[in-house]
Amino acid sequence: MSTTEDRPGSGDGDYIDFRRSTSHGPVLGKGTQNNYFGPGPAALPYQVGRIPPQANCFQTRAEAERLAATLTGGGTTVVGSAAGVLTGMGGVGKTQLAAHYARSAWESDEVDLLVWITANNATAAASGCAQAGIEVYGADPKHPQQAAQTFLARLQPKPQKQPLRWLVVFDDVTDPADLNGLWPPVSPHGRTLVTTRRKDGALSGHGRRLIEVGLFTPEESLAYLTAALADHHRHENDDLLAALAEDLGHLPLALAQAAAYIVDSGETVAAYRELLADRTKKLIDAAPDVLPDEQTLPLAAAWSLSIERADTLRPVGLARPMLQLTAFLNANGIPLDVLTSQPALACLAHRTSTGAEPSDEPVTVSPQDARRALRALHRLSLIDHTPDSPQQAVRVHQLIQRATRDALTAHQHDQTALAAADALVAAWPTTERDTAFAQTLRANAQALAHHAGSVLYKSDVHTVLYRMGTSLGETGQATAAHDHFRHVTEAVLQQFGADHPATLTARRHLVRWEGEAEGTTGKAYADLVTDQTRVLGADHPDTLATRADLARVWGEWSPAGGQHVYRELLADRTRVLGADHPDTLATRAGLAAMLERDHGFDATHLYHELLADQIRVLGADHPDTFSTRARLARRRGKGGNAAGAAEAYAELLAEQTRVLGADHPDTLTTRADLARWRGQAGDAAGAATAYAELLEHMIRVVGADHSHTLTTRNSLARWRGRAGDAVGAAEAYADLLEHMKRVLDADHPHFLKARFNLARWQGQAGDAAGAARTYADLWEHRVRVNGPDSPDTFHSGDLAAKWRGLAGDAAGAAEAYAELLEHRLRVQGPDHPHILTARRDLAQWRGLAGDAVGAARAYAELLEHTLRVQGPDHPDILTTRNNLAVWREAMGDAAGAAEAAGRPDPGAGRRSPSHPFHSGQACRENGGSRGRGRVHRDWP
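Taking UniProt numbering, the leading residue of the sequence shown gets 1, the next gets one more, and so forth.
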């Protein structure tokens, strides 16, 4: 190491006087110790200040490599935070990274002068620079400001002088203004390193480069916990440690204190996780008695100073209550609309400048104030605020949320939770046109429900819980909606009891989504009506509304039963609400729809009468009026006038677009109906084009994942196939299925229907093997969802067997049909009409598989059962006899074939000469039935 002139301790009158040295302790990483007595120049290399010791089980991180690369060749780097996952917050290990770099530079002789300054306030920063001036350059300690400037001036590179290689570290800067006038000069031989939680613009520019310090990666977290516990002979399961790291959000400080607690207490990792999850405990309860690695604050207090500092930034006093609001929402993304809604602004205005208690003085907080409060929190690395992503504008670490909630009184906790709930409801659109936004809102509602506890059930069930569950269901997640409302119902039942109106309301939501998810709601609705009648009265609006639900559901199983319920409901609603009440008119519409389902009843006149009353009462432009016009248009199509239906839908679409707008759900539904009836009228290509245009609109309005968008894609695929593009239809259904896997429950009815349609069009496109595989998958799926005895399951099994045969595996098809026949006999009995079909299919595929004996035997059994079930006069008798004769002949049994073809018919005397059996018998007598080509095959 060079020690030539123009550096401390050499040339220009500078000299070393060991008699005046003062002890500064050992220099880390060196084998010598320099002592000075009083002011005087220092010998190089020299270190001012103490580098913090390396933490136990220090993890080498990517940020350390970036830091080394950035500082190579000199420059100024601010180790702080920028865009990322809550980077730069307290506890991510910024000081440890800086210390690691400084220690490495010192030990590898990369610097002549190393100055470490703890700069957590302006005085400390200035004092650190002054101390360096005094120790290194002999500045007068009586004039610290001048000493600091002397130090900084001597760092300035000078031409034709021996360069001084230096590193200055300002650790834990809490305010960029604290370094005003103290920034070391830019030098090709010097390096400045700052650690801070701040993100202010003042920290960048002027040659300063920001490095993002984030959380541990999952791998780093696991490695740290494994090593920290192994040091104390503790060896835990990797999965448990990974789960603990996830619980702690991969925050290095939290991991260190968790490991210390586990070691000191002797608790298991599982027990510590239970402690963290216990909402009756605070974060401080999970802190060790003695903090590791010379840490000074437990995790619970790690951010208190940052919060206090943020609260002093403009708008003063809003940062803390804003952080409290975010503490109840989703850590991974809070929409800006929620935090700037009127309930959120009212919550902010209700707090004093310290955010501790409500203010008695009226305060007005604007959306701009709320956004500025978010920026204040962002500048202190307490949140990550990304204005360019308004749907997920705010992210906050889960432990900052926990510490913030822990600091609230019980009253503050409940009031803030309710404010967050109101804010979510205010931001939730009536029509969810953006599925991504809806998903973000649901995630926030779920987080709120977890953190808020029973306050959301304090006097009633908060609207946000109903909104969340309904949103789940309406986006195709019926099972998730059912599970959500089951939890809500259990909670409200415990809170209020079985007969409270809130409990009955929750049950109605539960029953609705139970029906969507499982298809069994009739009895549940009937039981609910009984309880509502007993508690609320028969004429209560909620009771009447549930009766309407019961009528609709009952009608799906029994149109006659549904009609009966609707008629009684109509009489009661007319009596209670009046004939012109919207609910009464809606009941008339429901009754007409139910009558239509019973043997093709033509409800056209009922709809015309209803339409006239709706126009008179509600007006021609009311949505219910439009709905009745849509029903009339559909009736026209059902009556055989598809072109007329398309014309009526086109007229309705124009009116709805004018009144409701092109993006309204009812308008989009009418566009779909119009496309359908164009296809039914014979224009399949036009229908496909219309659905393609509608799909683009649906994606823009409600998003690609919305259930209505998926339905539109299904219709588009179907009409492509009907327009002659079977390959395109199959490809479209395959793409749709992949999309459905991502956004719908695996057992959703639409998912099963899409699988069926994919298989169908694979077969139509000539891909028999693909159709066979898809039908087989569908059959297995239906066995699991619908049960092995369901008619839909049987149908899927039949198709899987059929296409297995068409794909070339006739023997496999025969084997599958034999198993299906045995199952059908057990479930349906020998006389069920489908049993005869199953026997016919088995016989056909045995023959096609080359098993003439098996085919003949199966046809003989089929003939016996057909005669018994359908009687000798049924036309299928002739076909079955003919096929039996063919396969007996194929197996070499000429006598048996002749017997099958010429057996005296017990019903011949009762048939007319024109019966097909006589003509068939005559044909056989003339030898016309010879050969396998005459086998009757009736493929579905």
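Glycine is no exception: its CB is placed at the ideal position from the N, C-alpha and C atoms.
With 16 or more neighbouring CB atoms inside 10 Å of its own CB, Q47 falls in the buried class. Between V186 and G201, the C-beta spacing is not below 7 Å. DSSP assignment within the region 835-864 yields no whole alpha helix (DSSP H) run of 4 residues or more.
With a threshold of 16 other beta carbon atoms within 10 Å, G619 falls short and is exposed. Taking C-beta atoms as the reference points, V511 and A502 fail to come closer than 7 Å. Residue environment: P321 is assigned as buried (16 or more neighbouring CB atoms within 10 Å of its CB, all protein chains considered). From the listed residues H739, R634, V702, R273, the smallest Cα separation to T604 is found for R634. Classified as exposed, E490 has fewer than 16 neighbouring CB atoms from the shown chains inside 10 Å of its CB.
Residue range 113-118 is occupied by the beta strand (DSSP E) that includes I117. In the structure shown, the three-state DSSP call for V529 is helix. A straight line joining the alpha-carbon of D613 with that of T667 spans about 22 Å. When secondary structure is reduced to three states using DSSP, D384 falls in the strand class. Contact annotation, R784 with S790: C-beta distance approximately 11 Å; criterion of less than 8 Å not satisfied. In this structure the region 436-456 does not touch the region 713-726; the number of beta carbon pairs closer than 8 Å is below three. Between the alpha carbons of G317 and D311 lies a gap of roughly 5 Å.
Just measuring C-alpha positions, the residue of G522, H350, E516, L325 sitting nearest L424 is L325. Listed as beta-bridge partners of D483 by DSSP are no residues whatsoever. Annotation: the continuous alpha helix (DSSP H) that includes G562 extends over 559-577. DSSP places V363 in the coil class of the three-state scheme, outside both helix and strand.
Checking the DSSP bridge columns, you'll see P41 partnered with Y137. By DSSP's assignment, R395 forms a beta bridge with D384. In the displayed model, Q162 falls within coil according to three-state DSSP, outside both helix and strand. For A650, same chain residues with a beta-carbon under 7 Å away, outside a window of 5 residues either side, are L674 in chain order. Looking only at L155, K142, G205, P343, the smallest Cα-Cα distance to V136 is reached by L155.
Membership of V743 in the alpha helix (DSSP H) is indicated by the continuous run 726-743.
About 6 Å separates the beta carbon of N714 from that of A754, a gap short enough to meet the 8 Å contact definition.
When rounded, the separation of the alpha-carbon atoms in D583 and R573 is 7 Å. Under the three-state reduction of DSSP, Q47 is assigned to strand. Here DSSP, grouped into helix, strand and coil, assigns G892 to coil. Beta-carbon to beta-carbon, Q342 and F216 are separated by about 39 Å, too far to satisfy the 8 Å threshold. Residue state for G128 is assigned as helix, using DSSP reduced to three classes. Per DSSP, reduced to three states, the secondary structure at G721 is helical.
The continuous stretches of alpha helix (DSSP H) do not include Y457, and DSSP gives it neither H nor E.
With a 10 Å radius around the Cβ and a threshold of 16 neighbouring Cβ atoms, N883 comes out buried. Counted as a single uninterrupted DSSP element, the alpha helix (DSSP H) harbouring P665 occupies residues 665-680. In this chain, the alpha helix (DSSP H) harbouring C347 covers 342-349.
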